[in-house]
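Q: In the working numbering, the protein residues as written are 26 to 771. All C-beta atoms in this analysis are idealised placements derived from N, C-alpha and C, irrespective of residue type, glycine included.
Below you can see the structure in the form of structure tokens.
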């Protein structure tokens, strides 16, 4: 558990009092304090100017002034952002307390009434209250910034909202309110907009609704109440906010909450039954060392009746060897410390002893502690048996090539194997029994903090895995795939953590080499494309120059041949571009996973294609938002829709986009996928050509076209499969074509 650290300034001229404060704050189990000290008003103010202070403990009587003067000066020099101040006085004086509070003091304590718990809790509360006020101020500022978006929020929120003008007329309802009005009273918007609230909802006249609405408008106050709409037996929670223009009303159906409240009341009634029926040993004990209340599980476990157990101090039942540790735990409870996973042995009525595992929470105010115990005698016997066979396990543990260790839930390294020790040239005595993050593997503060956070996560029951680099004894760097796996006891509590690291240095080097080769291949592809496309551009330009030079003297046949030559050149350029796109797939970065609106994406695709105005592209009325990579999906839709237009045999054709969400067997371990369909009413594709449509250099339309390279669908297939999906087509001649593909929701 992370314990916060605060800087506390003690302004006190009496050395003994400062020492008492230091000792009291040093034993605070909830906070760690870095203490600064000053003996005068001037010295304290100087420290406030030069240091970042989280809180100030201020004595009222100081050599060069009093605490009130300090507060006034502090407010002036800090421009209203001073740290919280707790004032101390020798004797209680309400006038001083009131003046101190007016000058900004957070709290006021009298030295003669001061206890360690009171001082600790007062300082913590002062810091926490200041933090909460700052958060509240920031929340208010954010709320003001969002007021400009209110209309949009009204339209999208699930709460119903109605606006009334100063004459009680209904001037606005959001969609949720409109639907609720239709369900409750059967009125459409045109039947109630413009009418007064009392005309539209006559059932609300004369009851709490009218009473509270009129109070909100008259007294200019926000009202909040609940009301039962009897015709449908529906409970509503209503908030009404007055404004210059009228009244804003939020309301929601709270039937479910009402049911939950009834269930909670029932649960509270059964709380005592739970106490009595629990299989665990539940107990309430006082700080004097006696049991106050016990559940029946005690008698079932130890054999003593509750009366017998409560008749004498509970230490009388503890095993003699466990008395010292039990007394220490009880002392900690008396001072406000929690007890977690404490073990001791209790005597049974037959004279035997049973092991119990305890967790306890103190209630210092009432001098009580609440504890939950479990009988772990069988587990202790199993541990003894495992200890007996521990030598065989230790041999396996030390012979593995993987780096392994056992860590406690609070981060102490309990065991480590030889492979792990060899990786940093360390001995077992140097690191075992110490905090895991202090070992040489974690050679930077960043790695140490990362490990602390990871251990906290594993201690909560989650598996953690990430890569770690550390210097090895040979002078190089070892890269490992590091993981923390929580180990659970028989009731599902994390009792220890297994740390394991696999050396992946060679694999990472191979990946780096592969990336280098991919970069070299990418550069090669660009160079080759440039060398291929440059002479093609020259041929096209040369043919145009020849035509211009021989203008008027070329025959029609020669002109057609020149045009054919250029068309072949352009097709070759398109083929090279397609090959480049195909080669780059899997090399170029496809982008990060993001939230993608399919409706917005398709709008951008259609806009980029710019279909003829006579062409129709139909989309479903509702389209999802996916968590995916945007660019690959854009390329797939652009290619399929573009093909449907380019290869259509009419300028007034149509394309239909459809979608269905389904879980497929192929992706059952990776979540749901979406199945998209792009259909056209074009000439269609004969069945004998279906198998070759996704192969490179195979045109979608079997008819010869000068602008078809036969690469587009190969690219689409490669993209879809790279994203974990599949693609196929259905088509008949004269009946159009439909391309289907699945796309994973990441």
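#1: Restricting to Cα atoms, I'd like to know which of 587, 580 and 577 is closest to residue 565.
#2: Could you tell me whether the stretch 337 to 348 touches the stretch 291 to 303, using the rule of 3 or more Cβ pairs below 8 Å?
#3: For residue 515, I'd like the list of residues in its chain whose CB is within less than 8 Å of its CB, leaving aside the five on either flank, ordered along the chain.
#4: May I ask which residues mark the beginning and end of the beta strand (DSSP E) holding residue 368?
#5: With H, G and I counted as helix, E and B as strand and the rest as coil, what does DSSP make of residue 595?
#6: Under a Cβ-count criterion, where at least 16 other Cβ atoms within 10 Å of its own Cβ denotes burial, should residue 414 be classed as buried or exposed?
#7: Answer yes or no: do residue 34 and residue 97 have a C-beta to C-beta separation smaller than 9 Å?
#8: In the DSSP assignment, what are the bridge partners of residue 311?
#9: Restricting to Cα atoms, I'd like to know which of 133, 654, 680 and 130 is closest to residue 665.
#10: Buried or exposed: where does residue 365 fall if 16 or more other Cβ atoms within 10 Å of its Cβ makes it buried?
#11: Using a 10 Å radius around the Cβ and a threshold of 16 neighbouring Cβ atoms, would you call residue 363 buried or exposed?
#12: Does DSSP classify residue 698 as helix, strand or coil?
#13: Suppose contacts are defined by Cβ-Cβ distances below 9 Å. Is residue 522 in contact with residue 483 by that definition?
#14: Check residue 335 in the structure and name its three-state DSSP category.
#15: Since residue 398 and residue 306 are thought to touch, with beta carbons under 8 Å apart, how far apart are those beta carbons, to the nearest angstrom?
#16: Pick out the complete alpha helix (DSSP H) segments inside the stretch 615 to 656, 4 residues or longer, and give them in chain order.
#17: Taking residue 185 as the reference, give the member of 194, 192 and 207 with the closest Cα.
#18: Quick one: Cα of residue 90 to Cα of residue 55, how far?
#19: Flag this pair as yes or no: are the beta carbons of residue 505 and residue 493 separated by less than 9 Å?
#20: Under the DSSP definition of a beta bridge, which residues are partnered with residue 513?
#21: Applying the 10 Å Cβ sphere with the 16-neighbour rule, what's the burial state of residue 37?
#22: Using 10 angstroms around the beta-carbon of residue 313, count the other beta-carbons present and answer buried if the total reaches 16, otherwise exposed.
#23: Which residues mark the beginning and the end of the beta strand (DSSP E) in which residue 188 is found?
#24: Please classify residue 716: is it buried, with 16 or more other beta-carbons within 10 angstroms of its beta-carbon, or exposed?
#25: For a test of the three-state rule: what should DSSP assign to residue 570, helix, strand or coil?
#26: Shortest alpha-carbon distance to residue 658 belongs to which of 710, 698 and 745?
#27: Does DSSP put residue 672 in a helix, a strand or coil?
#28: What do you get for residue 137, buried or exposed, if any count of 16 or more other CB atoms within 10 angstroms of its CB means buried?
#29: Sort 391, 402, 375 and 373 by Cα distance to residue 382 and report the nearest one.
#30: Can you give the Cα-Cα distance for residue 71 and residue 155, rounded to whole angstroms?
#31: Would you call residue 52 buried or exposed, if buried means 16 or more other Cβ atoms sit within 10 Å of its Cβ?
#32: Contact between the stretch 150 to 165 and the stretch 225 to 245: three or more CB pairs below 8 Å?
#33: Write down every uninterrupted run of the alpha helix (DSSP H) in the stretch 84 to 161 whose length is 4 residues or greater and which is fully enclosed by it, in chain order.
#34: Taking 9 Å as the cut-off, decide whether the C-beta atoms of residue 762 and residue 709 are in contact.
#35: Taking the C-alpha atoms as reference points, what is the distance between residue 676 and residue 529?
#36: Give every residue of the same chain whose Cβ lies closer than 6 Å to the Cβ of residue 63, excluding the five residues on either side of it in the sequence, and list them in chain order.
A: Concretely, from the data shown:
#1: Looking from the CA of residue 565, the closest CA among 587, 580 and 577 belongs to 587.
#2: Too few Cβ pairs lie closer than 8 Å, so no.
#3: Result list for residue 515: 404, in chain order.
#4: Residues 364 to 372.
#5: In this structure, residue 595 counts as helix in the three-state DSSP scheme.
#6: Residue placement at residue 414 cannot be trusted, given a pLDDT of 46 that sits under 50; what the coordinates show is reported in the next sentence. Burial call: exposed.
#7: With a cutoff of 9 Å on beta-carbon distance, residue 34 and residue 97 are scored as not near each other.
#8: The bridge partners DSSP lists for residue 311 are 393.
#9: Out of 133, 654, 680 and 130, the CA that lies nearest to the CA of residue 665 is found in 680.
#10: Exposed is the label assigned to residue 365, since fewer than 16 other Cβ atoms lie within 10 Å of its Cβ.
#11: The Cβ neighbour count for residue 363, taken over all protein chains shown within 10 Å, is under 16; the residue is labelled exposed.
#12: Strand, per DSSP.
#13: With respect to the 9 Å criterion, residue 522 and residue 483 are classified as neighbours on the basis of their beta carbons.
#14: The answer is helix: DSSP assigns residue 335 an H, G or I state.
#15: For residue 398 against residue 306, the beta-carbon gap comes to about 4 Å, under 8 Å, which counts as contact.
#16: Counting only unbroken stretches of 4 or more residues, the alpha helix (DSSP H) elements lying wholly within the stretch 615 to 656 are 623 to 634, in sequence order.
#17: Selected option, being the one with the closest Cα: 207.
#18: Each residue's alpha carbon lies about 33 Å from the other.
#19: Against a cut-off of 9 Å, the Cβ pair of residue 493 and residue 505 comes out as a contact.
#20: For residue 513, which the question treats as bridged, DSSP gives the partners 519.
#21: With 16 or more other Cβ atoms inside 10 Å of its own Cβ, residue 37 counts as buried.
#22: So residue 313 ends up on the exposed side.
#23: According to the DSSP assignment, residue 188 belongs to the beta strand (DSSP E) that extends over 185 to 190.
#24: Exposed.
#25: DSSP places residue 570 in helix when its eight states are reduced to three.
#26: Residue 745 holds the alpha-carbon nearest to the alpha-carbon of residue 658 among 710, 698 and 745.
#27: Residue state, collapsed to three classes: coil.
#28: Exposed, since its Cβ has fewer than 16 Cβ neighbours within 10 Å.
#29: The shortest C-alpha to C-alpha distance from residue 382 to any of 391, 402, 375 and 373 is the one to 402.
#30: Between the alpha carbons of residue 71 and residue 155 lies a gap of roughly 22 Å.
#31: Residue 52 should be labelled exposed.
#32: The stretch 150 to 165, when compared against the stretch 225 to 245, does not touch it at the 8 Å Cβ threshold.
#33: Segments of the alpha helix (DSSP H) lying fully in the stretch 84 to 161: 92 to 102 and 119 to 127.
#34: Yes, these two residues count as a Cβ contact at 9 Å.
#35: Cα-Cα distance, rounded: 58 Å.
#36: Same-chain partners within the cutoff: 36, 69 and 72.
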